[in-house]
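Inspection log for the structure reproduced underneath, given as structure tokens.
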Amino acid sequence: MKKKDVEYFKKLLTQRLQTLLAEANETVSGMTDGKASFPDPTDRAALEADRNFMLRIRDRERKLIAKIGEALDRIEDGTYGICDTCGEDISIKRLKARPVTIQCIQCKTKEEAQEDALGI
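Numbering (my numbering), first residue to last: 201 to 320.
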């Protein structure tokens, strides 16, 4: 992979990481701000449903943060953009679509087909 491509992905991943961390901090501060009192049980249930939804989103983002960290580590050690399965280069097009990927499209497609066959 060309040096300018590596720099592009490093910048992209770093910016995404900063955005996710900022959003996580906003969620925590938003949930710890004042306690609202709801005399109507429906309003309380709606608030709880919204909070649960937000927590599920943040959990997915937490996992993405870990993957971004791993991708940044691969950039530093020179293995970013190399498929973990076959050792071939991952296409720039795939990396732009999913910058945290560790597999080329062929290996990922094969893995998903095997999972489908096994019913996983």
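Even glycine gets a Cβ: it sits at the ideal position worked out from N, Cα and C.
- In this structure, ILE290 places its C-beta atom within 8 Å of the C-beta atom of CYS304.
- Leaving aside the five residues that flank ASP284 on each side, the residues in its chain whose CB is nearer than 7 Å to its CB run, in chain order, ILE302, GLN303.
- Judged by DSSP secondary structure, MET254 falls within the alpha helix (DSSP H) whose first and last residues are 241-277.
- Closest option to CYS286, judged by alpha-carbon separation, among GLU311, LYS267, LYS263, ARG262: GLU311.
- For ARG294, the enclosing alpha helix (DSSP H) has its first and last residue at 292-297.
- Sequence-distant Cβ neighbours of ARG216 in its own chain, meaning closer than 7 Å and more than five residues away, are ILE268.
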